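Chains as they are written, first to last, in the numbering used here: chain A, 1051 to 1429; chain D, 1051 to 1429.
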C-alpha cells in the first residue's frame, strides 16, 4: 500500500520512519529537496500544497492522501475527494482544523466545552471591543487560519490594546474568544480509522515558551476523572468530525478542573512525539494504520513517565548536529534531529526520556537539549 | 557526519532508520535499487562489495566506512585503510569474521573457549576423517567463508558421511571442528568504540530452524554467572580483535554450564533486533555511535522480556505485506518488514513483542508471524 503525505516536515520525516517498519510506500509532496522528510529518504514530488496540479499528481500515485500540515486549501481537498481519491482526514474534518471559526462552531454545535467566541467580520477593532465589553476582558484574538507555533494569537487585556493586538496578527480573518484562566494545558492524541476504530494515548502536560510548544510530560498529572474526560472529549470530537488518522486536541484545565477545548490538529502532533519510545505503538505508526484503515495499535505506555523537550534553535545559530556527541553523554535519552538548517527559535529536533519520576525524567531531557543547543546545562 | 555502509540489506535498512533519528548522512553501497535499505530511502551508490572502485567511491563520500555483511575481500578493506579512510571495524578485526579459521586461531591465541578445530587443506575428505578419528565424532565441517543462514555448515556423524557433507558445502576452503553437545545457544551483542568504550546487551537465547535463526528471547534464561561470563567473553573478543562498532558473538552452552564460542559477526545482528523496542538504545543506534566514536548508549531493557520471531517466506510465496492488516490485529507486537520480494525461506522481516512472561511474549510474536506468512496461528 502507498500513502501520499502533503508536506515534508518533521512529522512527515517521522512518518517515513514508521513507513519503513511496515514497508509502506510513502510519497511526500515537498516544497524542496531539503525538507526534513526528503532528507530522510522519503520518495517525493516537489510542489506547493496549494497547487491543484501538484496535489493531483500526488493523489494519482498513491492509495491514500494524508497531511503533515493544514495548508491545503479546503476546496482542493474537496476536489481530490470528488475526483475519487481517498483523502484522510476528509475535507470536512480538515476544515475544522484549518479554520478556527469553523472548528469552534462545530465543537459548539456538538455541545463541547469551548470558550465563548465570535467570528470577527468587517470592522475588527470595533467588533473585538464590543465582544470584550459584552463578554469580559481579556480577549484572545486569533487568526482563523495559518497560525502555528504561537503565531496567529494575540491577547488584548482591554479596549486600548485591541488595535495593536490585531496589527500583530498575520491574517485579517479573525476570531475573538474569552480568555480561559487555565492552570494547566494538556493535549490528547488519539487515532481513528474509517471503520471507526479508536485508540487514545494518555493525556500529555504541555508547556509553551513564547507560544511554541516546548516541554511535554506524559502522562499529565491529572485527577483520573479529568484524564478520562479529556480522552473522551477527544473521541467525541473525532467522531463529530468523522476524522480519520491521528487527532490531537489541546485543552485548558482550570483551577476547578473544568476542561475547555483549545485547538485541534488532524495529523501527528508534537504532543505525541514521546510515543515513539514510550508507547507500544507510536503516533506515526497509528496515523499510517488509521489512514489505511488497518487495525490500530496498542497505546499502552512502556514506562511510568515520558518527557519530551523540543530542541529550538539557539540565538547564536549553534547547530545541534555538531553538538550531538556531547548531548549523547546524557544516558537514557533518545535524540531526534530533523535535518534542518539551524536558525534561532526553529524547531530542530526533540529529546525524549523515559523514567519513573517526572521531575528527574524531564531534567534528563532538558540536560541533553541544553547540550544540543550550546546552553548552560541545568542541574 | 556521514557513514558509508557496504551492503544495503535489512541491517542497512534498520541502520538507516537510526541514522534518520540522529540526522546522520548514511550512504549505502547497494547491488540494486531494490535492496532493502535503498527502498527505505537510504542514499546509495550502486556497486558490488568486491569492486575496489565502488568501495573507493563510497569511501570518498563519507567520514567512516562500515559494513552490513562480511563480503568485502579483506585486502580491499586493507587498501581502503591504507588510502587513509576510516574503516570500522578495521580490516584485521573484519578478517576474523570473514574467515572462520582466522577467527578460531585468534580466539584460541587469546585463550578463549573454542571447540577443538583444525584447518582443512589439500585433501579434505582424508583430513576430516583423520580429525574425527583423532578428536572424536561427530565432526562439524564448515566453509571458512561465505556461509550464512545455515549455508556453509555440515555435520558428519562418522567417516562414511564425510564426502557427502563436504559436497554440500559451497566453498572448498574448510575447517573441521569437534561437535559441541550444547543444550542452549545464546548470543551476546555489544558495541565498542575506537576510544575503547564498551556497552553490552543482555544475552539472547536463539533458536535455529534449518540453520536459520528463527526465534530469540532476551534476556536468555541463564544462571547469572553464565550471563556475566558470556558478556565478558564478548568484550574480551572485541578487545582482542580491536573491533569497533557492533559485535555479536554466538555461544554454545553445555549441560554443565560451560560456554564455547561459536561464531562472531562485526555488525548489527539478527540477535539484537529486539533492542529496537526493548532497549534504551538500539543496536543500530549504537553501531552508528560506535563507528563515529561518539558516546555509546544505554543498553538497559525497558521490559522484563523481549521476544523476536523472524518472518521467513512461506513455501507458497505469500507476501507478508499483503497479510499485514491481519497480523496487526495481534496487539503488543512490533512488525518490521524489509521490503523484499517474498520467496520461500527468505528472511522478509521480524516481529518483536515485549512482556513479562517469556512464553506468553514469544507466543504473541509467533501469532503475528504466523498471520504474516499465512500459516495456522498457534494458540
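Ideal Cβ positions, reconstructed from N, Cα and C, are used throughout, including at glycine.
This one's a predicted model, so the numbers in the text were calculated from it and none came from an experiment.
| Asked | Found |
| --- | --- |
| Exposure of residue 1260 of chain D, with buried meaning 16 or more beta-carbon neighbours within 10 Å | exposed |
| Chain D contact for residue 1352 of chain A (CB, 7 Å cutoff) | yes |
| Inter-residue Cα distance where the pair is residue 1110 of chain A and residue 1254 of chain A | 37 Å |
| Beta-ladder partner(s) of residue 1397 of chain D, from DSSP | D/1362 |
| Rounded C-alpha distance that separates residue 1322 of chain D from residue 1239 of chain D | 6 Å |
| For residue 1249 of chain D and residue 1243 of chain D, the rounded distance between their alpha carbons | 9 Å |
| Below-7 Å beta-carbon distance, residue 1424 of chain A vs any chain D residue | no |
| Simplified DSSP assignment, three categories, for residue 1067 of chain D | helix |
| Rounded straight-line distance, which links the Cα of residue 1052 of chain A to that of residue 1460 of chain D | Absent from the structure is residue 1460 of chain D, since the part of chain D shown begins at 1051 and ends at 1429. |
| Nearest to residue 1402 of chain A (by Cα), restricted to the options A/1416, A/1118, A/1396 | A/1416 |
| CB contact below 7 Å: residue 1386 of chain A versus chain D | yes |
| Endpoints, the beta strand (DSSP E) within which residue 1152 of chain A is located | Residue 1152 of chain A -> not in any beta strand (DSSP E); alpha helix (DSSP H) instead, spanning 1150-1159. |
| Beta carbon proximity, residue 1067 of chain A to chain D, threshold 7 Å | yes |
| Straight-line gap, residue 1180 of chain A to residue 1152 of chain A (C-alpha atoms, nearest Å) | 21 Å |
| Where residue 1112 of chain D sits in the DSSP three-state scheme | coil |
| Beta-carbon neighbours of residue 1344 of chain D, restricted to chain A and to distances below 8 Å | 1374, 1375, 1378 |
| Reduced DSSP category for residue 1404 of chain A - H, G, I as helix; E, B as strand; rest coil | strand |
| Host beta strand (DSSP E) of residue 1055 of chain A (start-end) | 1052-1056 |
| Beta-carbon spacing of residue 1236 of chain D, residue 1128 of chain D below 7 Å | no |
| Residue burial classification, residue 1295 of chain A (beta-carbon count within 10 angstroms, cutoff 16) | buried |
| Given 8 Å, three or more beta-carbon pairs between the stretch 1352-1369 of chain A and the stretch 1387-1396 of chain A | yes |
| Min CB distance residue 1405 of chain D to chain A below 7 Å | no |
| Span of the beta strand (DSSP E) around residue 1080 of chain A | 1075-1080 |
| Within-7 Å CB hit, residue 1216 of chain D to chain A | no |
| Beta-carbon separation (whole angstroms), residue 1283 of chain A vs residue 1162 of chain A, contact threshold 8 Å | 6 Å |
| Residue-chain proximity (residue 1322 of chain D, chain A), Cβ-Cβ < 7 Å | no |
| Coarse secondary structure for residue 1222 of chain D, derived from DSSP in three states | coil |
| Backbone CA spacing between residue 1214 of chain A and residue 1202 of chain A [nearest angstrom] | 13 Å |
| Own chain residues within Cβ distance below 6 Å of residue 1078 of chain A, not counting five before or after | 1055, 1058, 1062, 1087, 1092, 1094 |
| Presumed contact (8 Å Cβ cut-off) between residue 1188 of chain D and residue 1229 of chain D, rounded CB distance | 4 Å |
| As assigned by DSSP and simplified to three states, the class of residue 1440 of chain D | Because residue 1440 of chain D is not part of the residues shown, which for chain D are 1051 to 1429, the question remains open. |
| Touching by the beta-carbon criterion (3+ pairs, under 8 Å), the stretch 1363-1380 of chain A and the stretch 1408-1424 of chain A | yes |
| Under 7 Å between C-beta atoms of residue 1300 of chain A and residue 1289 of chain A | no |
| Buried versus exposed call for residue 1071 of chain A [16 or more other C-beta atoms within 10 Å across all chains shown] | buried |
| Sub-7 Å separation of residue 1357 of chain D and residue 1418 of chain D beta-carbons | no |
| Complete runs of the alpha helix (DSSP H) confined to the stretch 1172-1206 of chain D [at least 4 residues] | 1174-1185 |
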